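J.:
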Amino acid sequence: MSLRTLFVAVSVIVVAFHLAAVTLAALPPNRYSDAAAPRTGYLQPFFTQNWRLFAPNPVAEDRSVLFQGSYVAADGSTRQTAWVDWTEVELDLIQHRIVGGRAGYVTNKMFPALQSRYAGLGTNQRQAATSTSESDPPDWAELRSSLGGSGRAASAATGFLRYEKAVTRLATDVLMARWPERDITSVRYTVRRQGVVPYADRGGSTAERAAARPEARDRVSGWRVPSPGPTAELDAVAEFDRRHR
Numbered sequence: 000m001s002l003r004t005l006f007v008a009v010s011v012i013v014v015a016f017h018l019a020a021v022t023l024a025a026l027p028p029n030r031y032s033d034a035a036a037p038r039t040g041y042l043q044p045f046f047t048q049n050w051r052l053f054a055p056n057p058v059a060e061d062r063s064v065l066f067q068g069s070y071v072a073a074d075g076s077t078r079q080t081a082w083v084d085w086t087e088v089e090l091d092l093i094q095h096r097i098v099g100g101r102a103g104y105v106t107n108k109m110f111p112a113l114q115s116r117y118a119g120l121g122t123n124q125r126q127a128a129t130s131t132s133e134s135d136p137p138d139w140a141e142l143r144s145s146l147g148g149s150g151r152a153a154s155a156a157t158g159f160l161r162y163e164k165a166v167t168r169l170a171t172d173v174l175m176a177r178w179p180e181r182d183i184t185s186v187r188y189t190v191r192r193q194g195v196v197p198y199a200d201r202g203g204s205t206a207e208r209a210a211a212r213p214e215a216r217d218r219v220s221g222w223r224v225p226s227p228g229p230t231a232e233l234d235a236v237a238e239f240d241r242r243h244r
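Following this line, the structure appears as structure tokens:
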């Protein structure tokens, strides 16, 4: 057997193994996927692929968007809901599915825009954006006024608010769906980044992999006025939450 033939044969075997591993990992839990788990573990966690012209550039971190609401309790005190990791809910669209519904993976597309628009703000603008009141959040006109700026700073503020309005609307829909009995008075979000387990530690136990994983890094937004969508949108979000959380 020639060296070339041997190389081709080995390549075919490796590719076949990888395709089989992906198939087993994508299937709903069953006795075959459970038995193959030690061999398919290298596929975890999910990677966001940043495709280039000739080769993929994997982003070796998990990116999440979480929502939290503030409400007035029966005793008149202001309380906060638990954080809702909406990215985790959306991931159910692609987990255990060879062909996933990625069109519904909204926060994956929203994350880089939220980060880049915030990074484009000046120091004073960032302070104004994140220091808003929980009990009396500004409306959009007031927030735009507090961001100030002219020229490039004004353009940065406009771009920032465009995505703030979008994420605030989604946050409001999610929180109203999760806690329909509560009167949500303000909402906020967190963008979270957490590096994956280092390659050298991926063969360890679950506890060892968790311990080796880098700490999560959060950026918490300021409080915003709730901005719910139309009734049909609220119903769709509530149904999605029931099906996928």
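For the sequence shown, numbering that gives the first Met the number 0 puts the final residue at 244, and the numbers step up evenly by one. We treat Cβ as the ideally placed atom computed from N, Cα and C, and that holds for glycine. Keep in mind that this is a model prediction, so the values were computed, not measured.
1. If we ignore side chains and look at the alpha-carbon of each, how far apart do Glu-180 and Ala-59 end up?
2. Going by DSSP, what residue range makes up the beta strand (DSSP E) through Leu-65?
3. Output the boundary residues of the alpha helix (DSSP H) element that contains Tyr-162.
4. Candidates Trp-139, Ile-183, Leu-90 and Asn-123: which alpha carbon is nearest Asn-107's?
5. Which value, in whole angstroms, describes the spacing of the CA atoms of Val-71 and Arg-78?
6. Which same chain residues, not among the five before or five after Glu-133, have their C-beta less than 6 Å away from its C-beta?
7. Check each candidate in Arg-218, Thr-189, Ala-199 and Trp-82 and name the one with the smallest Cα separation from Ala-211.
8. Less than 8 Å between the beta carbons of Leu-233 and Ala-176, yes or no?
9. Using the Cα positions of Arg-192 and Val-64, report the straight-line distance between them to the nearest angstrom.
10. Can you grab the Cα-Cα spacing for the pair Phe-45 / Asp-61, in whole Å?
11. State yes or no: is the C-beta of Arg-218 within less than 8 Å of the C-beta of Val-190?
12. So for Phe-45, helix, strand or coil by DSSP?
13. In the DSSP assignment, what residue or residues form a beta bridge with Gln-193?
14. Which term fits Arg-116, buried or exposed, when burial requires 16 or more other beta carbons within 10 angstroms of its beta carbon?
T.: Well, looking at it:
1. Locating residue 180 in the sequence shown gives position 181, counting from the first residue. Locating residue 59 in the sequence shown gives position 60, counting from the first residue. Whole-angstrom Cα-Cα distance: 39 Å.
2. Translated into positions along the sequence shown, residue 65 becomes position 66. Counting along the chain, the beta strand (DSSP E) containing Leu-65 begins and ends at 60-71.
3. Indexing the sequence shown from 1 puts residue 162 at position 163. Start and end: 151-177.
4. Position 108 of the sequence shown, counted from the start, is the residue given in the question as residue 107. The shortest Cα separation from Asn-107 among Trp-139, Ile-183, Leu-90 and Asn-123 belongs to Leu-90.
5. Along the sequence shown, one-based indexing puts residue 71 at 72. Along the sequence shown, one-based indexing puts residue 78 at 79. Going by the C-alpha atoms only, they are around 6 Å apart.
6. Start at 1 with the first residue of the sequence shown, and residue 133 comes out as number 134. Within the same chain, Glu-133 has close Cβ partners Ser-69, Ser-185 and Trp-222.
7. Locating residue 211 in the sequence shown gives position 212, where the first residue counts as 1. Nearest of Arg-218, Thr-189, Ala-199 and Trp-82 to Ala-211, Cα basis: Ala-199.
8. Residue numbering aside, residue 233 sits at position 234 when the sequence shown is read from its first letter. Residue numbering aside, residue 176 sits at position 177 when the sequence shown is read from its first letter. Yes; because the gap between Cβ atoms is below 8 Å, this pair is in contact.
9. Your numbering for residue 192 matches position 193 in the sequence shown. Your numbering for residue 64 matches position 65 in the sequence shown. Going by the C-alpha atoms only, they are around 9 Å apart.
10. Position 46 of the sequence shown, counted from the first residue, corresponds to residue 45. Position 62 of the sequence shown, counted from the first residue, corresponds to residue 61. Residue confidence for Phe-45 is low, a pLDDT of 47 falling below 50, so the modelled location carries little weight; the figure read from the coordinates is stated next. Each residue's alpha carbon lies about 8 Å from the other.
11. For the purposes of this step, residue 218 is identified with residue 219 of the sequence shown, where counting begins at 1. For the purposes of this step, residue 190 is identified with residue 191 of the sequence shown, where counting begins at 1. Result yes, Cβ atoms of Arg-218 and Val-190 sit closer than 8 Å.
12. Against the sequence shown, residue 45 aligns to sequence position 46. Note that Phe-45 scores a pLDDT of 47, beneath 50, so its modelled location is shaky; the value from the coordinates is reported in the next line. Phe-45 falls in the coil class under three-state DSSP.
13. Stepping through the sequence shown from its first residue, residue 193 is reached at position 194. Gln-193 pairs with Asp-61.
14. Position 117 of the sequence shown, counted from the start, is the residue given in the question as residue 116. Buried, because 16 or more other Cβ atoms sit within 10 Å of the Cβ of Arg-116.
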